[in-house]
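These protein sequence lines are chains A and B, in that order.
Under my numbering, residue 125 is the last one in the first sequence; the count climbs by one each step, no gaps.
Under my numbering, residue 125 is the last one in the second sequence; the count climbs by one each step, no gaps.
Notes follow the structure.
There are 2 protein chains.
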Amino acid sequence: MKYSKQKDEILKLMRSGKLDHPRAADVYVAMKKILPDIGIATVYRNLNSLADAGLIRRIAMPGEADIFDHRLDAHHHAVCEKCGKVFDFYFDRDGEISAMLKDTIGFEASEISCCARGRCAACR
Amino acid sequence: MKYSKQKDEILKLMRSGKLDHPRAADVYVAMKKILPDIGIATVYRNLNSLADAGLIRRIAMPGEADIFDHRLDAHHHAVCEKCGKVFDFYFDRDGEISAMLKDTIGFEASEISCCARGRCAACR
DNA sequence: TTAATAATGATAATGATTCTCGGATAGATG
DNA sequence: CATCTATCCGAGAATCATTATCATTATTAA
Numbered sequence: 002m003k004y005s006k007q008k009d010e011i012l013k014l015m016r017s018g019k020l021d022h023p024r025a026a027d028v029y030v031a032m033k034k035i036l037p038d039i040g041i042a043t044v045y046r047n048l049n050s051l052a053d054a055g056l057i058r059r060i061a062m063p064g065e066a067d068i069f070d071h072r073l074d075a076h077h078h079a080v081c082e083k084c085g086k087v088f089d090f091y092f093d094r095d096g097e098i099s100a101m102l103k104d105t106i107g108f109e110a111s112e113i114s115c116c117a118r119g120r121c122a123a124c125r
Numbered sequence: 002m003k004y005s006k007q008k009d010e011i012l013k014l015m016r017s018g019k020l021d022h023p024r025a026a027d028v029y030v031a032m033k034k035i036l037p038d039i040g041i042a043t044v045y046r047n048l049n050s051l052a053d054a055g056l057i058r059r060i061a062m063p064g065e066a067d068i069f070d071h072r073l074d075a076h077h078h079a080v081c082e083k084c085g086k087v088f089d090f091y092f093d094r095d096g097e098i099s100a101m102l103k104d105t106i107g108f109e110a111s112e113i114s115c116c117a118r119g120r121c122a123a124c125r
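Here you go:
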């Protein structure tokens with residue numbers, strides 16, 4: 002992976018935590034203020050390569066655009082159907098599910114993602 | 002909801018269980034054999050209205066096309082990253098997750114979906 | 001400095017899904 | 001039965017997220 006200021010700035014932006022569960026388009030908008038000539042393809046490319054390198058995570062959300070997360074620990078997501086905000090939550094039964102899948106159907110899980118949808122506190 | 006032979010045939014096809022976790026495109030291909038003049042928009046429209054009516058379920062799969070399920074009971078899905086096959090599995094901790102979300106962040110979950118990805122028995 | 005390689009930005013292409021349209025049809029009413 | 005109207009249909013355009021292509025530029029190792 003070769004250095005580029007685009008990649009560097011994207012990683013810094015992600016790590017800053019200024020963006021909350023941003024989609025690629027959100028990162029693009031924020032990056033435009035830092036590097037006005039950046040293209041959307043470069044944003045996608047770099048988010049993908051940073052994710053491949055394990056420096057950030059790309060998370061597929063059912064029915065919505067993927068989000069990118071600077072947090073690397075195992076956690077799940079709850080999405081408010083009204084405001085769209087994404088909340089992190091912990092639920093450490095991944096091992097239990099993996100074991101069950103292995104025992105019952107011989108399925109070797111590499112990743113387990115739980116996604117809750119509903120209404121957040123503010124929207125109720 | 003008005004009757005139409007397209008909707009009727011789509012529901013029959015779904016209920017027959019001949020299709021395994023089909024995407025809209027799969028339903029379209031199968032329906033072409035039954036009603037050769039059917040259009041893809043009609044397939045989407047009817048799958049959506051049948052899902053709205055609670056007769057089938059539309060399930061968003063992270064990173065992939067939505068699938069439609071004739072099974073109405075609560076279950077989760079495991080997707081093989083190699084062959085793409087989708088497996089059903091049960092894991093009745095939904096209530097536990099709901100309660101935790103409610104207690105910790107005041108989030109009222111209406112649906113919880115867990116999606117495992119990895120390798121199925123046949124692909125290992 | 002140079003040559004090889006990988007990254008860039010613009011834009012075209014893709015895939016899934018929805019929207020729009022004029023025309024057809026189901027089902028209620030007279 | 002005749003008619004009316006809401007809903008549905010099929011075709012194709014439009015949308016959205018994402019990836020691919022390509023000519024140009026920047027990085028890096030020699």
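The C-beta atom is built at its ideal place from N, Cα and C for all residues, glycine as well.
Computed from a predicted model, the values in this text were never measured in an experiment.
Per-residue contacts from residue i into chain B (C-beta, under 7 angstroms)
i	result
A102(A)	Contrary to the premise, residue 102(A) reads as Leu rather than Ala in this sequence. Result: A79, F90 and A117.
R125(A)	E109
Reduced DSSP secondary structure (H/G/I, E/B, other) of residue i
i	result
I39(A)	coil
S17(B)	helix
E10(A)	helix
I98(B)	helix
I106(B)	helix
R24(A)	strand
Candidates the options: closest to residue i by CA position
i	options	result
H22(B)	D53(B), D95(B) and D67(B)	D67(B)
S114(B)	R16(B), F92(B) and A100(B)	F92(B)
C121(A)	I106(A), G64(A), A79(A) and A100(A)	A79(A)
L56(B)	I98(B), E97(B) and L12(B)	L12(B)
R16(A)	A61(A), E65(A) and F69(A)	F69(A)
A61(A)	Y4(A), E112(A), S5(A) and S99(A)	E112(A)
H77(B)	V87(A), G107(A) and I98(A)	I98(A)
V28(B)	H71(B), S5(B) and Y4(B)	H71(B)
E82(B)	F108(A), E65(A) and D104(A)	F108(A)
Sub-8 angstroms separation of residue i and residue j beta-carbons
i	j	result
A25(B)	Y45(B)	yes
A110(B)	G85(A)	no
A42(B)	M2(B)	no
Cβ-Cβ separation, residue j to residue i (assumed contact under 8 angstroms), whole Å
i	j	result
I39(B)	L14(B)	That belief does not hold up - the Cβ atoms of I39(B) and L14(B) are roughly 11 angstroms apart, past 8 angstroms.
L102(A)	A123(B)	About 14 angstroms separates the two Cβ atoms, so there is no contact after all.
D95(B)	A75(B)	7 angstroms
N47(A)	R59(A)	Contact doesn't hold; Cβ gap of about 12 angstroms is too wide.
K8(B)	L51(B)	7 angstroms
P63(B)	P37(A)	About 33 angstroms; that fails the 8 angstroms criterion.
Amino acids of chain B, ordered along the chain, whose beta-carbon sits closer than 9 angstroms to that of residue i
i	result
C121(A)	I106, G107, F108 and E109
I41(A)	Residues of chain B passing the Cβ test: none, with the nearest at roughly 19 angstroms.
Residue i: contacting residues in chain A (beta-carbon distance under 8 angstroms)
i	result
I68(B)	Simply none; closest approach about 11 angstroms.
G64(B)	A61 and D67
E112(B)	A117, R118 and G119
R16(B)	Going along chain A, no residue has its Cβ under 8 angstroms from R16(B), so there is no contact; the nearest lies around 24 angstroms.
I57(B)	Near I57(B) there are no residues of chain A at all, since even the closest Cβ is about 16 angstroms away, more than 8 angstroms.
Chain B residues whose Cβ lies nearer than 8 angstroms to that of residue i
i	result
I35(A)	In chain order: nothing, as chain B lies at least about 28 angstroms away.
Chain-ordered neighbours of residue i on chain A, where CB pairs are closer than 7 angstroms
i	result
R94(B)	R94
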